[in-house]
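Below is one structure; the comments refer to it alone.
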Amino acid sequence: MLKLLGMTMMLVPTALLTPTKFLVLLFTLNSMTMTLFTMTWLYHPLKLTPQMVAEHLLADTISIPLVALSSWILPLMIIASQHTLTTEPTPRTRMLLSTCALLQLTLILTFLMADLMMFYIMFEATLLPTLILITRWGGQAERLTAGTYFLFYTLVGSIPLLVAILKLYATNHHTSTLILTLLQPHMHSPMLWLACMMALLVKMPLYGLHLWLPKAHVEAPIAGSMILAAVLLKLGGYGIIRLTTTLTPTTQAMYYPLIALALWGMVMACLTCLRHTDLKAIIAYSSVSHMGLVISATMINTPWSIGGAMVLMVAHGLTSSMLFCLANTNYERTHTRTLTLTRGSQLMLPLMAMWWLSACLANMALPPTINLLSELMVISSLFNWASTTIFLTAPTTLITATYSLYIFITLQRNKATMNTPTKPITTREHLLMALHMLPLISLTLHPNLMF
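Using the UniProt record's numbering, you'd call the opening residue of the sequence shown number 1 and step up by one each time.
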């Protein structure tokens, strides 16, 4: 564990001190080495031994898959950003790489914290690097508005969580998640339980608290969009899984309105995807829909639903990150994200059509991707919990397939609207898409790694 944290911290001096000629290459190689080291954690049965548990650090089967996901995304962020970095002066390139490394460090620490107060501190620490990414490297003036939305939604939602943690400390004289899970302290006030959930539901986000997400995704650079979709949204799901086991007695009496809102929000977000014209906004609302499924699964807190939620978070992180990379490759060539202005891309970029089809089918949860297993597990556990949930999950599945095919057909199969010559797809972009699809298909062969 300390090896991983040390390697991540050393990425910052690597970004600041490496000669310009080898800067991006060396940073990418170091981050990929760190990723391969993290993959070895998945192949060892994790037990709560003294080697894995420190006073404030805990690595278990809930945190390790998400740590591996965040480690996997970092080198992909740098590979995807290379087109942008070639036009940037060296100081700005170093600052971008340092910001990505710091964000990676805070994310890993958030997933590994065994103490609720330290979890809150690291949870808030992820805010600053993400805000810098959005406001410093966004492409339009609206990035400042998006940064403001992101900042205030996150801060206002997280203040009740801080109050609830302080109340828990005043009552129990500790905030260790392990001891709280064993002792099962009763939350005397339902509002206190809701305060614990609020910051996590904003981060997911729950429908109704989601307005910051499309703005942040649309205005963020490709690295910001990838880390937002792949890992930052998963902080909320991870926190809910941790807290629902800790606060079980109150949770069972309180989660019905939140599950209803999450399921209804899935349908509404999918319908929004059908009428949006901005490609990145469509992918952002798709994330809201999938996270509604994760919220429902984590709230009912059954073994199948928690396992399905873990797999769905990993699968969605890779799928949405790949969709944002594909949208970025289109944007770098056409300089627009409007669907109707980028029609007929298959004629200009025939090989890219294969990757678009793969990503859209993964978003629809078709085999052989791990998305199918995760959605089957979550929808089955919801149906077993309450059979009426099928009236919301079934239309969501149908509408998801509709807008995924709508994206593909609009972008690839229509008559081309732009006849200007475009650059062909590079090996770097093929590598980037392959590194997204490889784990999605490989995990299907051995899904126990995620449970």
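For each residue, glycine too, the CB sits at the ideal point set by N, CA and C.
{"Query": "DSSP state of L206, grouped into three classes?", "Result": "coil"}
{"Query": "Using the C-alpha atoms, what's the distance from I399 back to A262?", "Result": "16 Å"}
{"Query": "Return the CA-CA distance between G138 and A220, expressed in angstroms with no decimal places.", "Result": "5 Å"}
{"Query": "Quick check on DSSP: helix, strand or coil for S189?", "Result": "coil"}
{"Query": "Taking 7 Å as the threshold (C-beta atoms), are S289 and A260 in contact?", "Result": "no"}
{"Query": "Going by CA-CA distance only, name the one from I159, L57, E55, M1 that's closest to M39.", "Result": "M1"}
{"Query": "Give the single residue among L201, W264, M10 whose Cα lies nearest to the Cα of S98.", "Result": "M10"}
{"Query": "Out of W356, V294, T396, Q346, state which residue places its alpha-carbon closest to the alpha-carbon of S374.", "Result": "V294"}
{"Query": "For M113, name the three-state secondary structure that DSSP assigns.", "Result": "strand"}
{"Query": "Taking A416 as the reference, give the member of S287, I306, T342, T177 with the closest Cα.", "Result": "T342"}
{"Query": "A199 and S158: beta carbons closer than 7 Å?", "Result": "yes"}
{"Query": "Quick one: give me the first and last residue of the alpha helix (DSSP H) that L440 is part of.", "Result": "427-445"}
{"Query": "Please look up how many angstroms separate the CB atoms of I79 and L431, rounded, as I've assumed it's under 8 Å.", "Result": "7 Å"}
{"Query": "In angstroms, rounded to a whole number, what distance separates the CA positions of H276 and L326?", "Result": "18 Å"}
{"Query": "In terms of DSSP beta bridges, what is S176 paired with?", "Result": "D115"}
{"Query": "Cα separation between A394 and I379?", "Result": "9 Å"}
{"Query": "Quick one: grab the DSSP three-state call for Q272.", "Result": "In the sequence as presented, Gln is not what sits at residue 272; that position holds Thr. Three-state DSSP puts T272 in a helix."}
{"Query": "Pull the bridge partners of D60 from the DSSP assignment, please.", "Result": "BP columns for D60 are empty, so no partner."}
{"Query": "Expressed to the nearest angstrom, what Euclidean distance is found between the alpha-carbon atoms of L112 and I241?", "Result": "14 Å"}
{"Query": "Under three-state DSSP, which class holds T338?", "Result": "strand"}
{"Query": "For H217, count neighbouring Cβ atoms within 10 angstroms of its own Cβ and tell me buried if that reaches 16, exposed if not.", "Result": "buried"}
{"Query": "Give me, in chain order, the residues of the same chain whose beta-carbon lies closer than 7 Å to that of E429; leave out the 5 immediate sequence neighbours on both sides.", "Result": "T329"}
{"Query": "Helix or strand or just coil, what does DSSP make of A68?", "Result": "helix"}
{"Query": "Would you mind working out which of C196, L76, I300 sits nearest S381, comparing C-alpha positions?", "Result": "I300"}
{"Query": "For I390, is the classification buried or exposed, using 16 other Cβ atoms within 10 angstroms of its Cβ as the cut-off for buried?", "Result": "exposed"}
{"Query": "To the nearest angstrom, report how far apart L46 and D60 are at their CA atoms.", "Result": "Here L46 scores only 49 on pLDDT, less than 50, and its place in the model should not be relied on; the value that follows carries that caveat. L46 and D60: Cα-Cα distance of roughly 6 Å."}
{"Query": "Within the continuous alpha helix (DSSP H) that includes S287, where are the two ends?", "Result": "279-300"}
{"Query": "Please identify the residue among M313, T334, S189 whose C-alpha is closest to the C-alpha of L440.", "Result": "M313"}
{"Query": "Taking only three categories from DSSP, how would you classify E55?", "Result": "coil"}
{"Query": "Pick helix, strand or coil for P257, following the three-state DSSP scheme.", "Result": "helix"}
{"Query": "Buried or exposed: where does Q51 fall if 16 or more other Cβ atoms within 10 Å of its Cβ makes it buried?", "Result": "Because Q51 sits at a pLDDT of 47, beneath the cut-off of 50, its placement in the model cannot be relied upon, and the following sentence gives the value as read from the coordinates. Per the 10 Å Cβ criterion, exposed."}
{"Query": "Given 8 Å as the limit, is there contact between the segment 65-74 and the segment 223-238, that is, 3 or more CB pairs closer than that?", "Result": "yes"}
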